[in-house]
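Asks:
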Amino acid sequence: MFKKEMTCIVCPRGCILTVTKKDGDYQVEGNLCKRGINYGIKEVINPVRQVTSTVKIEDSIHPRLPVVTDKEISKDLIFEVMDEINKVTLKAPIHYRDIIIKNICGTDVNIIASRSMDHI
Amino acid sequence: MMNQYDVVVIGGGAGGMSSALGAYQNGAKKVLLVERDIELGGILQQCIHNGFGLHHYKEELTGPAYAERLKQELMDTEIDIKLQTTVLKITKDKEVHMMNEKDGYQVIQAKAIIASNGCRERTRHQIDIPGKRLSGIMTAGLAQRYLNIDGYLVGKKVLILGSGDIGLIMARRMTLEGAKVLGVAEIMPYSNGLNRNIVQCLHDYDIPLYLSHTIAKVSGNDRLEQVTLSEVDEKFQMKEGTNKTFEVDTLLLSVGLIPDNKLLTDISVKMNPITNGAYVNDKYQTNIEGIFACGNSLHVHDLVDYVSEESYEAGKNAANYVLHQNKVKQNIINVKSSDHIHYVIPNQIMLDNKNVAFKFRVTKPMEKALIMIKQGNKIVIEIKKRHLLPAEMENVKVNKKVFKYDDDISIEVKGV
Ligand SMILES: Cc1cc2nc3c(=O)[nH]c(=O)nc-3n(C[C@H](O)[C@H](O)[C@H](O)COP(=O)(O)OP(=O)(O)OC[C@H]3O[C@@H](n4cnc5c(N)ncnc54)[C@H](O)[C@@H]3O)c2cc1C
Ligand code: SF4
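Going down the list, the sequences are from chains A and B.
Terminal number for the first sequence in the numbering used here: 120, no gaps in between.
Terminal number for the second sequence in the numbering used here: 1416, no gaps in between.
Right, dumping it as structure tokens:
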């Protein structure tokens, strides 16, 4: 039987959820409200996260440009995404929300600039 | 003649940018924003994670993106901005003394001043870490700045002291950049960070959180080599036989922030010993007329959205002060924190029929609690809360019409 414990983050209460799978059906225990059920099941079936990091940039006021995924991405892909991000070197200027890497790791998610950075 | 401004804002972080906008959009003609760094944004520029702006922009933004949005709003105004300029001193007569490379030492005469110069991190000197002075021990915010702005990873094997949000966020960030984070130690029996950060920064990467633990010893030659943690009892005394030793080259301290207020204490602005910020009324005005305070230099905020809201108000009030110098006398009453409330802002309110936002923190986590706003011993407002945490600032908006007497106001909370 599949069983996983986790903290619900939907509200500050932080219930400790136990998600189990019996005969193909998921069950959530420990939740004080209904929202915990959806969260628990989603975290087991397809947990997703936003990834933020920086990429190298030349001829700008700082040597790093902060970037972010434009949608959430599967949690399992986080380190692969980091590897791709770390391969890039940009040249200033860059504008807020410019696409830095399109369709990262074969997903429909792009890596975009968190801010503008002028040329110096 | 001395250069003159209606409103001078000190600090170009979220607080300073928002208060400059508040002053300008409410009629102040000449507004100057002074920032010592090479660009605007303040602490937001190093907080590259997301989780900013949900209230203010109805969208989840990273720190730099939030700063960018505020900057864009500033560009549509005639607010003057001085970068790489440090305010050295202000006077009770509202002179602002500042310095930069280009103009040297300059004095500007303001009609109102807004102090929005942020906070500092507590350092090793402010907490007691037994052992030698070694390299490899630094504050989490400094390590964050090195990594996110300069691209420099400060260590490979890391332990973090303090489970506030900065510590948690750095645990994830350093892991993503290839460091091994061996754990986060917290002296309290609960974390000071948001649940979301505990889950997404620690649980996601199997980083252990050692609650009720503190540092027994640090050792090494020049660079840090080992940190020993010990469990503590309810009185924060180390328990014998609970030591655990970690081989690490870096110890990050995330043990709290303190408002930066030397500019105000130098002119004897009345300070609140609990927040380390000024005492203010509901106009965010200090005890010196025309000097206002907001943002992290008033009290440490966990949400930038509240910094913006409060600072915009401070700016608006500064503009009103400048435009209507001879104000009507109003009834002023004190606001106090009482049982289980750590502090409350504002400390005074003027009785009129406008709204006031009471901001406060509880002293300990509480389940099923009742917040009471009292005037004298009469309960004026009661609010039920499922859950209260010291890490989350409460923000309760009240129309001041409900306060019908001249008695002091107090805010209390009790379990139900
Ligand atoms: C590490 C960290 C993580 C955070 N994470 C989140 C989050 O996930 N979500 C969220 O909503 N909020 C978060 N916050 C809170 C929020 O970002 C801050 O509270 C807010 O940005 C503070 O704005 P501020 O303008 O008051 O201070 P600051 O940003 O510190 O700005 C103060 C400015 O004043 C300048 N200054 C200081 N002294 C002088 C002087 N003498 N002369 C001229 N300039 C001066 C400084 O250079 C600085 O730019 C976080 C805060 C920190 C520290
Ligand atoms: S289960 Fe409901 S009450 Fe519990 S943390 Fe999740 S959202 Fe909050």
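Note that the Cβ used here is the ideal one computed from N, Cα and C, for glycine as well.
Since we're looking at a predicted model, the values are computed, not measured.
Check the Cβ of Arg1361/B against every Cβ in chain C and list those closer than 8 Å, keeping chain order.
Replies: The structure shown contains no chain C; its protein chains are A and B.
Asks: Tell me which residues pass a beta-carbon proximity test against ligand 3: closer than 5 Å to any heavy atom, given in chain order.
Replies: No copy of ligand 3 occurs in the structure displayed; its ligands are ligand 1 and ligand 2 alone.
Asks: Please determine, among Ile37/A, Asp70/A, Phe79/A and Leu65/A, the residue with the shortest C-alpha to C-alpha distance to Ala92/A.
Replies: Of the candidates Ile37/A, Asp70/A, Phe79/A and Leu65/A, the one whose C-alpha sits nearest the C-alpha of Ala92/A is Leu65/A.
Asks: Using a 10 Å radius around the Cβ and a threshold of 16 neighbouring Cβ atoms, would you call Asp1213/B buried or exposed?
Replies: First, the residue type needs correcting, since residue 1213/B is His and not Asp in the sequence shown. Burial call: buried.
Asks: Look at the Cβ atom of Cys1119/B, then the Cβ atom of Asn1296/B, and state whether they are nearer than 8 Å.
Replies: Cβ distance < 8 Å, so Cys1119/B and Asn1296/B count as in contact.
Asks: So, is His119/A buried or exposed, given that buried needs 16 or more other C-beta atoms within 10 angstroms?
Replies: With fewer than 16 Cβ atoms within 10 Å of its Cβ, His119/A is classed as exposed.
Asks: For the putative contact between Asp1406/B and Leu1054/B, defined by C-beta atoms under 8 Å, what is the C-beta separation to the nearest angstrom?
Replies: About 39 Å; that fails the 8 Å criterion.
Asks: On a CA-only basis, which of Asp1204/B, Leu1176/B, Gln1109/B and Leu1088/B is nearest Asn1261/B? Give me that one, please.
Replies: Asn1261/B has its Cα closest to that of Leu1088/B, out of Asp1204/B, Leu1176/B, Gln1109/B and Leu1088/B.
Asks: According to the neighbour-count rule (16 or more other Cβ atoms, all chains shown, within 10 Å of its Cβ), is Val1107/B buried or exposed?
Replies: Burial call: exposed.
Asks: Is His1049/B near ligand 1, going by C-beta to nearest heavy atom under 7 Å?
Replies: Yes, the beta carbon of His1049/B sits closer than 7 Å to at least one heavy atom of ligand 1.
Asks: Where does Gly1015/B fall in DSSP's three states?
Replies: In the structure shown, Gly1015/B sits in a helix (DSSP, three-state: H, G or I).
Asks: Taking 8 Å as the threshold (C-beta atoms), are Gly1022/B and Gly952/B in contact?
Replies: The requested residue 952/B does not occur in the structure, where chain B is confined to residues 1001 to 1416.
Asks: Identify every residue that forms a DSSP beta bridge with Lys1384/B.
Replies: DSSP output for Lys1384/B lists Leu1370/B as bridge partner(s).
Asks: By Cβ distance below 7 Å, which residues in the same chain neighbour Ile1149/B in space, the five residues on each side in sequence not counted?
Replies: Counting only Cβ-Cβ distances below 7 Å, and skipping sequence neighbours, we find Gln1045 and Gln1046.
Asks: Confirm the yes/no value for this check: CB of Asp1260/B, any heavy atom of ligand 1, distance under 7 Å.
Replies: Yes - ligand 1 has a heavy atom lying nearer than 7 Å to the Cβ of Asp1260/B.
Asks: Kindly indicate if chain B contains any beta-carbon less than 8 Å away from that of Ser60/A.
Replies: Chain B contact via Cβ: absent.
Asks: Using 8 Å as the limit for Cβ to Cβ distance, is Val68/A near chain B?
Replies: So yes, Val68/A belongs to the interface.
Asks: What does Ile9/A reach in chain B if we use C-beta pairs closer than 7 Å?
Replies: Here the neighbours are Asn1195, Arg1196 and Val1199.
Asks: Under DSSP, the beta strand (DSSP E) around Gln1109/B begins and ends at which residues?
Replies: Gln1109/B -> beta strand (DSSP E) spans Gly1104 to Ala1115.
Asks: Quick check on Asp1148/B - is its C-beta less than 8 Å from some C-beta in chain A?
Replies: Correcting the residue type first, residue 1148/B is Asn in the shown sequence and not Asp. Yes, its Cβ sits closer than 8 Å to a Cβ of chain A.
Asks: Terminal residues of the continuous beta strand (DSSP E) containing Glu1059/B?
Replies: Element bounds for Glu1059/B: n/a, residue is neither H nor E.
Asks: Which parts of the segment 20-99 of chain A are runs of the alpha helix (DSSP H), unbroken and 4 residues or longer, counting only runs that do not cross its ends?
Replies: The qualifying runs are 35-45 and 78-85.
Asks: Give a yes or no on whether the minimum CB-CB distance between Ser53/A and chain B is below 8 Å.
Replies: So, interface residue.
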